[in-house]
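Student:
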Amino acid sequence: MPVEISVAAPAYNEADNIAAAVTEWRDYLERHPEIGAWEIVVCDDGSFDGTGRILRELQAGCPRLTVVTLDRNRGAGAAIAAAIAATRLEWVALLDSDGQFPIANLDAFVRRIQAGGVLALSGARIRKADRLPYRWGSAASGAVSNLLHRTRYRDFNSIFKVVHGPLFRALPLESAGMNCSTEITARVAELGHTWTELPIEHRERGGGSRGWRFWRGARDRALFVGYLGLRHWLLRRGVLRPPESREHSGAPAAHGAPLREAR
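In terms of UniProt numbering, the sequence shown is residues 1 to 263.
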């Protein structure tokens with residue numbers, strides 16, 4: 001059975017990358033034999049470099065592209081949440097607009113969805129193309145997050161995720177910055193769901209520069225990981241009430257196949 005999928009992505013000052021990224025996504029989704037209905041939702045996070053203008057021009061050639069525009073820069077977390085909220089289809093694939101995650105990575109995800117029994121899938125970067133300090137920071141925060149949440153995910157912080165739409169759209173996301181991908185992993189785990197990790201390719205940025213400074217980002221990530229860990233500990237202690245998912249608990253089955261637990 002064909003998979004219906006929305007691609008959601010944040011964009012902030014991505015004028016150097018956004019046209020190539022959206023074109024790559026559109027061509028892939030149009031040609032994939034196992035993808036049925038599809039859409040692309042990009043949230044322009046108050047860009048001032050022409051990103052919004054380029055997105056509006058792209059809409060003329062891609063009616064399935066939806067552009068959500070924030071009146072000012074609110075941070076990657078807010079843009080990601082807005083993009084996810086604007087999706088409509090059964091599955092949502094979260095990407096970035098800087099060209100680091102080839103959409104062809106979705107091949108394995110589509111096959112895994114069709115097999116049934118999964119709600120949340122995450123891409124584990126085989127080889128991270130970031131500079132060494134960023135790789136170290138990601139590895140350290142991922143290790144701490146796994147320790148605090150009693151998980152063993154290879155790539156806790158990966159932004160490349162495919163989640164059942166109703167579940168994704170119901171997640172209460174608080175992160176304002178680049179830690180939203182870490183929060184998504186934690187929030188889904190809080191609801192008692194297991195992430196299915198699949199290996200993905202990761203490449204260097206297509207152009208432009210990162211939207212956050214390394215040391216400030218490292219500080220904010222450390223604080224946020226600590227907050228998520230404390231929240232998880234309080235949930236285990238019964239000090240906080242467990243979150244109630246507005247999404248049904250059963251995973252969508254493969255066509256004609258019974259459900260099975262994702263591992």
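No residue lacks a Cβ here, since even glycine has one placed at the ideal position from N, Cα and C.
Here the structure is a predicted model, which is why all the values come from computation and not from measurement.
Give the secondary structure of Thr-194 by DSSP, where H, G and I count as helix, E and B as strand, and everything else as coil.
Tutor: Under the three-state reduction of DSSP, Thr-194 is assigned to coil, being neither helix nor strand.
Student: Let's test the definition: count the other Cβ atoms within 10 Å of the Cβ of Ala-115 and tell me whether it reaches 16, buried, or not, exposed.
Tutor: With fewer than 16 other Cβ atoms from the protein chains shown falling within 10 Å of its own Cβ, Ala-115 counts as exposed.
Student: Closest to Pro-242 by CA distance: which of Glu-197, Ala-189, Ala-218 and Leu-198 is it?
Tutor: Ala-189
Student: Which residues share a DSSP beta bridge with Ala-9?
Tutor: Val-42
Student: If you draw a straight line from the alpha carbon of residue 271 to that of Asp-220, how long is it in whole angstroms?
Tutor: As shown, the chain starts at 1 and ends at 263. That puts residue 271 outside it, with no answer to give.
Student: If you compare alpha carbons, which of Arg-56, Gly-229 and Ala-93 is closest to Ile-144?
Tutor: The identity of residue 144 in the sequence shown is Val, whereas the question assumes Ile. When each option's Cα is compared against that of Val-144, the closest is Gly-229.
Student: What residue from Ile-35, Ala-186, Leu-121 and Val-163 has the CA that sits closest to Leu-235's CA?
Tutor: Ala-186
Student: I'd like the ranges of any beta strand (DSSP E) spanning at least 3 consecutive residues and lying wholly in the region 157–191.
Tutor: 161–164
Student: Ile-84: which of Val-163, Ala-104 and Ile-35 sits nearest, CA to CA?
Tutor: Nearest C-alpha to Ile-84: Val-163.
Student: Count the C-beta pairs between the region 67–84 and the region 171–185 that are closer than 8 Å, then say yes if the count reaches three, no if not.
Tutor: yes
Student: Let me confirm a value: Thr-23 is counted as buried when at least 16 other C-beta atoms fall within 10 Å, else exposed. Which label applies?
Tutor: exposed
Student: Compare the Cα-Cα distances from Gln-59 to each of Ala-81, Val-42, Arg-88 and Asn-73 and report the closest residue.
Tutor: Val-42
Student: Judging by CA-CA distance, which residue of Ala-140, Phe-109 and Val-68 is the nearest neighbour of Thr-196?
Tutor: With distances taken between Cα atoms, Thr-196 lies closest to Phe-109.
Student: Please go through the region 88–116 and give each complete alpha helix (DSSP H) segment of 4 or more residues, from N-terminal end onward.
Tutor: 106–115
Student: Going by DSSP, what residues sit across from Pro-199 in a beta bridge?
Tutor: For Pro-199, which the question treats as bridged, DSSP gives the partners Ala-124.
Student: Check whether the Cβ atoms of Arg-64 and Trp-25 sit closer than 8 Å, and answer yes or no.
Tutor: no
Student: Does the Cβ of Gly-142 have 16 or more other Cβ atoms within 10 Å, making it buried, or fewer, making it exposed?
Tutor: buried
Student: How is Ala-37 classed by DSSP in three states: helix, strand or coil?
Tutor: Strand.
Student: In the DSSP output, which residue or residues are listed as bridge partners for Thr-66?
Tutor: DSSP lists Val-41 as partners of Thr-66.
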